[in-house]
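The structure appears below as structure tokens.
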Amino acid sequence: MDWDQINEKYSDILLDDQVFLGIDDGWEQIITELLGAVTIYQDVNIGHDEYQPVTFTSIRCNDGWLDIEFEGGDDVVAEIANFSRILSFKTCEICGTIGKLYCADKWMHWSAKRTLCTSHAVKLFYYRIT
């Protein structure tokens with residue numbers, strides 16, 4: 004599935020087609036699982052106990068992890084989003100295999116951080132942080 008298909012399939016819970024910012028294909032599965040889980044949960048709970056429909060306003064890469072912003076939902080939706088964030092810390096942004104946090108410079112305070120597998124970190128000259 005590509006990003007256009009994801010936008011189309013989950014358009015009812017995405018603010019618009021600009022929700023995904025700076026995300027490589029390696030996190031596509033994490034995002035589709037997030038949106039699928041929230042859709043299923045929402046279908047069951049919509050109309051019950053003041054449940055507010057979910058709208059994802061931004062899903063982007065932020066220093067090597069997924070930054071997920073949404074409106075509505077409840078604590079369960081927040082936990083699903085948090086679990087997706089945690090998965091992004093362990094998944095290569097580029098290919099989706101097991102990854103770790105790396106930085107572009109030995110002085111990590113000033114460099115771009117990314118979650119990468121060893122292979123992509125070596126290719127991109129990134130240094131391991133964790």
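Numbering (the numbering used here), first residue to last: 4 to 133.
Each residue gets a CB set at the ideal place from its N, CA and C atoms; glycine is no exception.
Is the beta carbon of Y105 closer than 8 Å to that of L90? Cβ atoms of L90 and Y105: not closer than 8 Å.
Can you tell me which of the three DSSP states V80 falls into? Correct three-state label for V80: helix.
Inter-residue CB distance, I16 and V41 (contact presumed, cutoff 8 Å): Rounded to the nearest angstrom, the Cβ distance from I16 to V41 is 6 Å, consistent with a contact under 8 Å.
Does any heavy atom of the ligand PLP sit closer than 7 Å to the C-beta of A84? As far as ligands go, the structure on display features none, and thus does not contain the ligand PLP.
May I ask you to verify whether the segment 43 to 58 touches the segment 71 to 79, counting CB pairs closer than 8 Å and requiring at least 3? Yes, the segment 43 to 58 touches the segment 71 to 79.
In the DSSP output, what is N65 paired with across the bridge? Per DSSP, W68.
Using a 10 Å radius around the Cβ and a threshold of 16 neighbouring Cβ atoms, would you call V125 buried or exposed? V125 comes out exposed.
Got a sec? Which residues, its chain only, sit under 8 Å from V22 by beta carbon, not counting five neighbours each side? When the five nearest sequence neighbours on each side are left out, the beta carbons in the same chain lying within less than 8 Å of the beta carbon of V22 are those of N10, F59, T60, S61, I62, in order along the chain.
So L37 and S87 are supposed to be a Cβ contact under 8 Å. How far apart are they, rounded? Rounded to whole angstroms, the Cβ separation of L37 and S87 is 4 Å, and the two are in contact under 8 Å.
Distance, Cα to Cα, S122 vs H51? Using only the alpha carbons, I get a separation of about 47 Å.
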